[in-house]
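K.L.:
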Amino acid sequence: MEQRVVFLSTDWARLTLFAECFMIFIHPLRWQHPFVPVLSRQMLDFIMAPTAFLMGCHTAHFKEVAEELDDLVVIDLDQGTVLSSISNRLELPDVPLTARDCFIFR
1090 MEQRVVFLST
1100 DWARLTLFAE
1110 CFMIFIHPLR
1120 WQHPFVPVLS
1130 RQMLDFIMAP
1140 TAFLMGCHTA
1150 HFKEVAEELD
1160 DLVVIDLDQG
1170 TVLSSISNRL
1180 ELPDVPLTAR
1190 DCFIFR
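Residue numbers (the numbering used here): 1090 to 1195.
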């Protein structure tokens, strides 16, 4: 659970909504690490933090985020994909296509 997680989207509102929904989803657990639903370009250096975190970035910043892919889980909300350098240890089921399409095309 304690991972370096970055949500990507072209829609700033979707980033905020999804990050907040994620926090509700893990209830009754509490996220005790840095939580930044929308990370601006000027703050991308925060992704280099060695601790667990949950941050949201615009898809335009994917190249900068991908440079720090070591032990980072990148969730693309627009495409419904999950990228991770720890994928051999991370067992994630595929998102059902109907649920993914419903979320993407809202």
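Even glycine gets a Cβ: it sits at the ideal position worked out from N, Cα and C.
Am I right that HIS1122 and PHE1142 are in contact with their C-beta atoms under 8 Å? What's the rounded C-beta distance?
P.N.:
In the sequence shown, residue 1122 corresponds to position 33, counting from 1. In the sequence shown, residue 1142 corresponds to position 53, counting from 1. 5 Å between Cβ atoms; contact.
K.L.:
Shortest alpha-carbon distance to ALA1102 belongs to which of THR1148, PHE1114, VAL1184?
P.N.:
For this step, residue 1102 is matched to residue 13 along the sequence shown. The shortest Cα separation from ALA1102 among THR1148, PHE1114, VAL1184 belongs to THR1148.
K.L.:
Can you grab the Cα-Cα spacing for the pair HIS1150 / PHE1111, in whole Å?
P.N.:
For the purposes of this step, residue 1150 is identified with residue 61 of the sequence shown, where counting begins at 1. For the purposes of this step, residue 1111 is identified with residue 22 of the sequence shown, where counting begins at 1. The straight-line gap from Cα to Cα measures roughly 21 Å.
K.L.:
Where does LEU1128 fall in DSSP's three states?
P.N.:
Locating residue 1128 in the sequence shown gives position 39, where the first residue counts as 1. LEU1128 falls in the coil class under three-state DSSP.
K.L.:
Does DSSP put ASP1165 in a helix, in a strand, or in coil?
P.N.:
As a working note, residue 1165 is residue 76 in the sequence shown. Three-state result, ASP1165: strand.
K.L.:
Please report how far the alpha carbon of ASP1036 lies from the alpha carbon of THR1099, in whole angstroms.
P.N.:
What the structure shows of the chain is the stretch from 1090 to 1195, and residue 1036 is not part of that stretch, so it cannot be assessed.
K.L.:
Quick one: which unbroken beta strand (DSSP E) runs of 3-plus residues sit fully inside the segment 1136–1161? Chain order, please.
P.N.:
As far as the segment 1136–1161 is concerned, its whole beta strand (DSSP E) runs of at least 3 residues are 1142–1147.
K.L.:
Helix or strand or just coil, what does DSSP make of PHE1194?
P.N.:
The residue labelled residue 1194 in the question sits at position 105 within the sequence shown. Annotated three-state conformation of PHE1194 is coil, per DSSP.
K.L.:
Please report the distance separating the alpha-carbon of VAL1171 from that of PRO1117.
P.N.:
Here the question's residue 1171 lines up with position 82 in the sequence shown. Here the question's residue 1117 lines up with position 28 in the sequence shown. VAL1171 and PRO1117: Cα-Cα distance of roughly 24 Å.
K.L.:
Excluding the five sequence neighbours on either side, which residues of its own chain have a C-beta within less than 8 Å of the C-beta of LEU1133, listed in chain order?
P.N.:
For this step, residue 1133 is matched to residue 44 along the sequence shown. So the qualifying residues of the chain are CYS1146, HIS1150, GLU1153, VAL1154.
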